[in-house]
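Visitor:
Protein chains: 2
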Amino acid sequence: MKNIPSLIDVARRAKVNISTVSRVINQTGKIGAETQARVRKVMRELGYKPNRVARRLRTQEGSTHLLGLIIPNIQNLFFADLARGVEDVAYKHNFALLLCNYDEDELKERFYLDVMQSESVDGIIIPPIHETDPAVLQVVRNGTPVVCVDRSLSNGTLDKVEVDNHIGALKAVEHIIARGHRRIGVIGGPLDSSTGRERLRGYKDAHAQAGITLKSELIRFGDFKQTSGQALAHELLSMSDPPTALFVCNGLMMAGALEAIAALGLKIPRQIAIVGFDELTLADVFNPPLTVVRQPAYEVGKCAAELLLKRIEDPKRPASSLKLLPELIVRKSC
Amino acid sequence: MKNIPSLIDVARRAKVNISTVSRVINQTGKIGAETQARVRKVMRELGYKPNRVARRLRTQEGSTHLLGLIIPNIQNLFFADLARGVEDVAYKHNFALLLCNYDEDELKERFYLDVMQSESVDGIIIPPIHETDPAVLQVVRNGTPVVCVDRSLSNGTLDKVEVDNHIGALKAVEHIIARGHRRIGVIGGPLDSSTGRERLRGYKDAHAQAGITLKSELIRFGDFKQTSGQALAHELLSMSDPPTALFVCNGLMMAGALEAIAALGLKIPRQIAIVGFDELTLADVFNPPLTVVRQPAYEVGKCAAELLLKRIEDPKRPASSLKLLPELIVRKSC
DNA sequence: CTTCTATGCGCAAACGTTTGCCCTGTTTCT
DNA sequence: AGAAACAGGGCAAACGTTTGCGCATAGAAG
Numbered sequence: 001m002k003n004i005p006s007l008i009d010v011a012r013r014a015k016v017n018i019s020t021v022s023r024v025i026n027q028t029g030k031i032g033a034e035t036q037a038r039v040r041k042v043m044r045e046l047g048y049k050p051n052r053v054a055r056r057l058r059t060q061e062g063s064t065h066l067l068g069l070i071i072p073n074i075q076n077l078f079f080a081d082l083a084r085g086v087e088d089v090a091y092k093h094n095f096a097l098l099l100c101n102y103d104e105d106e107l108k109e110r111f112y113l114d115v116m117q118s119e120s121v122d123g124i125i126i127p128p129i130h131e132t133d134p135a136v137l138q139v140v141r142n143g144t145p146v147v148c149v150d151r152s153l154s155n156g157t158l159d160k161v162e163v164d165n166h167i168g169a170l171k172a173v174e175h176i177i178a179r180g181h182r183r184i185g186v187i188g189g190p191l192d193s194s195t196g197r198e199r200l201r202g203y204k205d206a207h208a209q210a211g212i213t214l215k216s217e218l219i220r221f222g223d224f225k226q227t228s229g230q231a232l233a234h235e236l237l238s239m240s241d242p243p244t245a246l247f248v249c250n251g252l253m254m255a256g257a258l259e260a261i262a263a264l265g266l267k268i269p270r271q272i273a274i275v276g277f278d279e280l281t282l283a284d285v286f287n288p289p290l291t292v293v294r295q296p297a298y299e300v301g302k303c304a305a306e307l308l309l310k311r312i313e314d315p316k317r318p319a320s321s322l323k324l325l326p327e328l329i330v331r332k333s334c
Numbered sequence: 001m002k003n004i005p006s007l008i009d010v011a012r013r014a015k016v017n018i019s020t021v022s023r024v025i026n027q028t029g030k031i032g033a034e035t036q037a038r039v040r041k042v043m044r045e046l047g048y049k050p051n052r053v054a055r056r057l058r059t060q061e062g063s064t065h066l067l068g069l070i071i072p073n074i075q076n077l078f079f080a081d082l083a084r085g086v087e088d089v090a091y092k093h094n095f096a097l098l099l100c101n102y103d104e105d106e107l108k109e110r111f112y113l114d115v116m117q118s119e120s121v122d123g124i125i126i127p128p129i130h131e132t133d134p135a136v137l138q139v140v141r142n143g144t145p146v147v148c149v150d151r152s153l154s155n156g157t158l159d160k161v162e163v164d165n166h167i168g169a170l171k172a173v174e175h176i177i178a179r180g181h182r183r184i185g186v187i188g189g190p191l192d193s194s195t196g197r198e199r200l201r202g203y204k205d206a207h208a209q210a211g212i213t214l215k216s217e218l219i220r221f222g223d224f225k226q227t228s229g230q231a232l233a234h235e236l237l238s239m240s241d242p243p244t245a246l247f248v249c250n251g252l253m254m255a256g257a258l259e260a261i262a263a264l265g266l267k268i269p270r271q272i273a274i275v276g277f278d279e280l281t282l283a284d285v286f287n288p289p290l291t292v293v294r295q296p297a298y299e300v301g302k303c304a305a306e307l308l309l310k311r312i313e314d315p316k317r318p319a320s321s322l323k324l325l326p327e328l329i330v331r332k333s334c
């Protein structure tokens, strides 16, 4: 009634040894055609599902068909899209995906890393919380394949796939400048994340190229969450000599900034122009439609999963590093 | 170098039997103080971590400290928020969360359900793909605690926590009617999901209350994804005698509908009024701000996790059913 | 008619735990 | 003093797999 069937049950019912059943399942060894058919039939009848736990226990090495993905914030659409990319690839290869959300919290990150190890996943995909993340390095040392996404680790020996944040920010700010703006505020990310730093570098380089001197009072740093975007935009726009354009370094903060702008009753783009990093759900039907740099989040996830799968089947292969190009989508907000 | 230590290694080094070590770890049985100290010391020296896989294999019942959450679509913000609710509760109780995304695909749902069972999670939280979901029922029969969220199962014996979809839709459509509309189009969800049906019932009841006769040509059914919202809104608005207001039954379809409206160049709310189900990221700063019914997604997840935890520690407790109230947020789109 | 090689399958060990049972001392009770 | 109770800890079975080895049977080669 409640017992879920095991190899033994199948074997008994098909009048063969458990090893035969095992071999039928795994397509290993030579098994006669009719025996195979009989075993298959019984498996169907009983609704037999191999017990992954037992399987993993036995074959310490060898695929457990489990991938781990640890993301900073599931509410950030960028990571949701990325997760979909990973998931689709995993599913196609019959891997299940263990997804965890660490909420930018180092303790939680470590907790989940531990869990994944003791679950003995085949490999882990993670955007490290910062560049010298000891917990991640420990996992690597234990021999678990790891690929970094979005953010990288200073240790250069890992597979990674990122977006070219510098180019993305550069293009965005070049565009703002081309529109005639000279006082451009920026709401950046944390400087200890590679994404935060690279995007800021793009902002600075665009200024240098155009021969515009940087004003430090126009540069603010948030934490990639919505409320910080709102607060910083408010600060920036309440200055006595406010910027005429804003560059916001991620999607959540962009949403916050737009709230601040609405609260202040400013008109986009006349009173304040704005371009964001990350596509937003309603960006194209917003009024006005939002100019943003779109990151290929889904593709990042997809490539990362493919890289991870490759490494799992050949742990000795040299590390590769992918850099995908973001795309500036010019709409009406700047 | 690479061998991770097992109970046996610890036992050998501490000159005791493996069962003693096990008992020290689990605080079960009587073990002398000094033996305990010695074993503890050796464990630290060796950096011993119990192998969760082996442990789970042995103790089929008994907490594995793993919860499963299977959601239809991670890109739907409602489910992302819900997941956060579950995750926060789980983490607080030191449970890890295994999260999977089944993409409204029944095959995938079954696949992940299988995975979770063979991972022998302690319990599963899931919005069943439809009301007589045999895969879910099978899991229940196997004795795994399950709580349904968002959507329910016709089998009434399960814990569940849902939102009162009927009230939500009723309030929304009442509001639309109060604004003077008589031809109200609806973009509903699949009728084999309880959410789809309940929301439609709210739509119909509001009409009945106001004595407005239903026009079947104004009622369309999508699949809760963005493109269907767009297509159906387009259909509805291209009719010779189009509706003056739209009620859209989830967030993703709402986004699609807004795209269609923008493409058609219609002005909200003058040419077409609209109210949606689910809060959207930019809803409050949209132009005009969007009137929506907000579901307490985070709370749903939180309650579900708490319920699941309770059931895990007492599988005999009677099933409880929670119904949370959604909230109509009146802004400017209707 | 032997000997050989495949083929098909069973046997049993192993993976790292948990746990019921049993054995040996020591203490306590009567 | 003898019995009973208990504390401390060892033994070995079990969980559901995978897999090396070995044993039949059969046809092919000699």
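Same order as they appear, the protein sequences are chains Y and A. Counting along the first sequence from 1, when you hit position 282 you're at 282 in the working numbering, and nothing is skipped either side. Counting along the second sequence from 1, when you hit position 241 you're at 241 in the working numbering, and nothing is skipped either side. Yeah, the Cβ is synthetic: ideal placement off N, Cα and C, and Gly gets one too.
1) Rounding to the nearest angstrom, what Cα-Cα distance links L137 (chain Y) and D9 (chain Y) in this structure?
2) For the pair the segment 143-155 of chain Y and the segment 125-132 of chain Y, tell me if three or more CB-CB distances fall below 8 Å.
3) Work out the CA separation of D284 (chain A) and I329 (chain Y) for me, nearest whole Å.
4) Please tell me whether D133 (chain Y) has its Cβ less than 8 Å away from any Cβ of chain A.
5) Alpha carbon to alpha carbon, what distance is there between N165 (chain Y) and T195 (chain Y)?
6) Whole angstroms are fine: how far does the CA of H130 (chain Y) sit from the CA of R55 (chain Y)?
7) Whole angstroms is fine: what's the gap from I25 (chain Y)'s alpha carbon to L82 (chain Y)'s?
8) Grab the span of the beta strand (DSSP E) containing A273 (chain A) for me, first residue to last.
9) Here's a check: name, in chain order, each residue in its chain whose Cβ is nearer than 6 Å to the Cβ of D88 (chain A), leaving out the five neighbours to either side.
10) Taking C-beta to C-beta, are G189 (chain Y) and V293 (chain Y) nearer than 8 Å?
11) Would you verify that the beta carbon of I8 (chain A) is, or is not, closer than 8 Å to some beta carbon of chain Y?
12) If you follow the alpha helix (DSSP H) that C335 (chain Y) is in, where does it begin and where does it stop?
13) By alpha-carbon positions, which one of Y:L191, Y:I176, Y:R23, Y:G229 ends up nearest to Q36 (chain Y)?
14) Please classify L66 (chain A) as buried or exposed, where buried requires at least 16 neighbouring CB atoms within 10 angstroms.
15) Using 10 angstroms around the beta-carbon of H358 (chain A), count the other beta-carbons present and answer buried if the total reaches 16, otherwise exposed.
16) On the criterion of 16 or more Cβ atoms from any shown chain inside 10 Å, does G211 (chain Y) qualify as buried, or is it exposed?
17) Spell out the partners DSSP gives I68 (chain A) in its beta bridges.
18) Just to confirm, are I274 (chain A) and G229 (chain A) a CB contact at a threshold of 8 Å?
19) Looking at the C-beta of P269 (chain Y), does it have a partner C-beta in chain A at a distance below 8 Å?
20) Do we get a CB-CB distance below 8 Å when we pair E119 (chain Y) with the residues of chain A?
21) Taking Cβ to Cβ, would you say K310 (chain Y) is nearer than 8 Å to R317 (chain Y)?
22) My guess is that V163 (chain A) and Q271 (chain A) are in contact by the Cβ rule of under 8 Å, so how many angstroms apart are they, rounded?
23) For E104 (chain Y), name the three-state secondary structure that DSSP assigns.
24) Any C-beta of chain A sitting closer than 8 Å to the C-beta of V115 (chain Y)?
25) The beta strand (DSSP E) with G185 (chain Y) in it runs from where to where?
26) Using a cut-off of 9 Å between C-beta atoms, extract the partners of C100 (chain Y) located in chain A.
27) Identify every residue that forms a DSSP beta bridge with K160 (chain Y).
28) Would the segment 38-45 of chain Y count as touching the segment 9-21 of chain Y if we require 3 or more Cβ pairs under 8 Å?
29) Any Cβ of chain Y within less than 8 Å of the Cβ of V53 (chain A)?
30) With DSSP as the reference, identify every bridge partner of E327 (chain A), one or two as the case may be.
31) Could one say the Cβ of Q230 (chain A) lies closer than 8 Å to chain Y's Cβ atoms, at least one of them?
32) Cutting at 6 Å between CB atoms, please list the residues of its own chain near G185 (chain Y), excluding the five before and the five after it.
33) Figure out for me which residue from A:N287, A:G256, A:G251 has the closest Cα to the Cα of G265 (chain Y).
34) Report the rounded CA-to-CA distance for P289 (chain Y) versus A297 (chain A), giving the unit in angstroms.
35) Can you check whether the C-beta of F286 (chain A) is within less than 8 Å of a C-beta belonging to chain Y?
36) Could you tell me whether the Cβ of Q75 (chain A) comes closer than 8 Å to any Cβ of chain Y?
Guide: In terms of the structure at hand:
1) Here residue 137 (chain Y) refers to the residue found at position 137 when the first sequence is read from its first residue. Here residue 9 (chain Y) refers to the residue found at position 9 when the first sequence is read from its first residue. Distance from the CA atom of L137 (chain Y) to the CA atom of D9 (chain Y), rounded to whole angstroms, is 43 Å.
2) Per the Cβ contact rule, the segment 143-155 of chain Y is in contact with the segment 125-132 of chain Y (3 or more Cβ pairs under 8 Å).
3) Taking the first sequence and counting its residues from 1, the one referred to as residue 329 (chain Y) is at position 329. Taking the second sequence and counting its residues from 1, the one referred to as residue 284 (chain A) is at position 284. The C-alpha of I329 (chain Y) lies about 23 Å from the C-alpha of D284 (chain A).
4) As a working mapping, residue 133 (chain Y) is identified with position 133 in the first sequence. D133 (chain Y) does not count as touching chain A.
5) Taking the first sequence and counting its residues from 1, one reaches residue 195 (chain Y) at position 195. Taking the first sequence and counting its residues from 1, one reaches residue 165 (chain Y) at position 165. For T195 (chain Y) and N165 (chain Y), the distance between alpha carbons rounds to 6 Å.
6) Taking the first residue of the first sequence as 1, we reach residue 55 (chain Y) at position 55. Taking the first residue of the first sequence as 1, we reach residue 130 (chain Y) at position 130. One C-alpha to the other measures close to 35 Å.
7) The residue labelled residue 25 (chain Y) in the question sits at position 25 within the first sequence. The residue labelled residue 82 (chain Y) in the question sits at position 82 within the first sequence. Rounded to the nearest angstrom, the two C-alpha atoms are 33 Å apart.
8) Locating residue 273 (chain A) in the second sequence gives position 273, counting from the first residue. Counting along the chain, the unbroken beta strand (DSSP E) around A273 (chain A) starts and ends at 273-277.
9) Position 88 of the second sequence, counting from 1, holds the residue named residue 88 (chain A). For D88 (chain A), where only same-chain residues beyond five positions count, there are no Cβ hits under 6 Å.
10) Numbered from its first residue, the first sequence carries residue 189 (chain Y) at position 189. Numbered from its first residue, the first sequence carries residue 293 (chain Y) at position 293. No, the pair does not count as a contact, with Cβ atoms beyond the cut-off.
11) Your numbering for residue 8 (chain A) matches position 8 in the second sequence. Output row for I8 (chain A): interface = no.
12) Nothing can be reported for residue 335 (chain Y), as the shown portion of chain Y is limited to 1 through 334.
13) Taking the first sequence and counting its residues from 1, the one referred to as residue 36 (chain Y) is at position 36. Distances from the CA of Q36 (chain Y) to each of Y:L191, Y:I176, Y:R23, Y:G229 were compared; the closest alpha carbon is that of Y:R23.
14) The residue given as residue 66 (chain A) occupies position 66 in the second sequence. Within a 10 Å sphere around the beta-carbon of L66 (chain A) sit 16 or more other beta-carbons, which makes this residue buried.
15) Nothing about residue 358 (chain A) can be reported from this structure: the residues present for chain A run from 1 to 334 only.
16) Along the first sequence, read from residue 1 onward, the residue named residue 211 (chain Y) stands at position 211. An exposed status is given to G211 (chain Y), since fewer than 16 other beta-carbon atoms sit within 10 Å of its beta-carbon.
17) As a first step, residue 68 (chain A) must be located in the second sequence, where it is residue number 68. Note that residue 68 (chain A) is Gly in the sequence shown, not Ile. A:L98, A:I124, per the DSSP bridge assignment.
18) Here residue 274 (chain A) refers to the residue found at position 274 when the second sequence is read from its first residue. Here residue 229 (chain A) refers to the residue found at position 229 when the second sequence is read from its first residue. Note that the C-beta distance between I274 (chain A) and G229 (chain A) is not below 8 Å.
19) Here the question's residue 269 (chain Y) lines up with position 269 in the first sequence. Residue-level contact check: P269 (chain Y) does not touch chain A, since none of the beta carbons of chain A fall below 8 Å from its beta carbon.
20) Numbered from its first residue, the first sequence carries residue 119 (chain Y) at position 119. Yes, E119 (chain Y) lies at the interface with chain A (some Cβ there is under 8 Å from its Cβ).
21) If you number the first sequence from 1, residue 310 (chain Y) lands on position 310. If you number the first sequence from 1, residue 317 (chain Y) lands on position 317. Contact: yes.
22) Counting from 1 along the second sequence, the entry for residue 163 (chain A) is found at position 163. Counting from 1 along the second sequence, the entry for residue 271 (chain A) is found at position 271. Cβ atoms of V163 (chain A) and Q271 (chain A) stay farther apart than 8 Å, at about 31 Å.
23) Within the first sequence, numbered from 1, the residue matching residue 104 (chain Y) stands at position 104. Three-state result, E104 (chain Y): coil.
24) Taking the first residue of the first sequence as 1, we reach residue 115 (chain Y) at position 115. Taking Cβ atoms only, chain A reaches closer than 8 Å to V115 (chain Y), which makes this a yes.
25) Your numbering for residue 185 (chain Y) matches position 185 in the first sequence. G185 (chain Y) -> beta strand (DSSP E) spans 184-188.
26) Your numbering for residue 100 (chain Y) matches position 100 in the first sequence. Listed by position along chain A, the residues whose Cβ is nearer than 9 Å to that of C100 (chain Y) are E87, A96, L97, L98, L99.
27) Residue 160 (chain Y) sits at position 160 when you count from the first residue of the first sequence. In the DSSP output, where bridge partners are listed per residue, K160 (chain Y) has Y:C148, Y:S321.
28) The segment 38-45 of chain Y makes contact with the segment 9-21 of chain Y; the number of CB pairs closer than 8 Å reaches 3 or more.
29) Within the second sequence, the letter at position 53 stands for residue 53 (chain A). V53 (chain A) counts as touching chain Y.
30) Counting from 1 along the second sequence, the entry for residue 327 (chain A) is found at position 327. Beta-bridge analysis with DSSP links E327 (chain A) to A:R294.
31) Position 230 of the second sequence, counted from the first residue, corresponds to residue 230 (chain A). So no, Q230 (chain A) is outside the interface.
32) Working through the first sequence from its first residue, we reach residue 185 (chain Y) at position 185. The residues are L218, L236, P243, L246.
33) On the first sequence, position 265 is the one that residue 265 (chain Y) refers to. When only C-alpha atoms are compared, the closest one is A:N287.
34) As a first step, residue 289 (chain Y) must be located in the first sequence, where it is residue number 289. As a first step, residue 297 (chain A) must be located in the second sequence, where it is residue number 297. Straight across, the Cα-Cα distance linking P289 (chain Y) with A297 (chain A) is about 28 Å.
35) Sequence index remark: in the second sequence, residue 286 (chain A) carries index 286 (1-based). Output row for F286 (chain A): interface = yes.
36) Locating residue 75 (chain A) in the second sequence gives position 75, where the first residue counts as 1. Nearest CB-CB separation between Q75 (chain A) and chain Y: below the 8 Å threshold.
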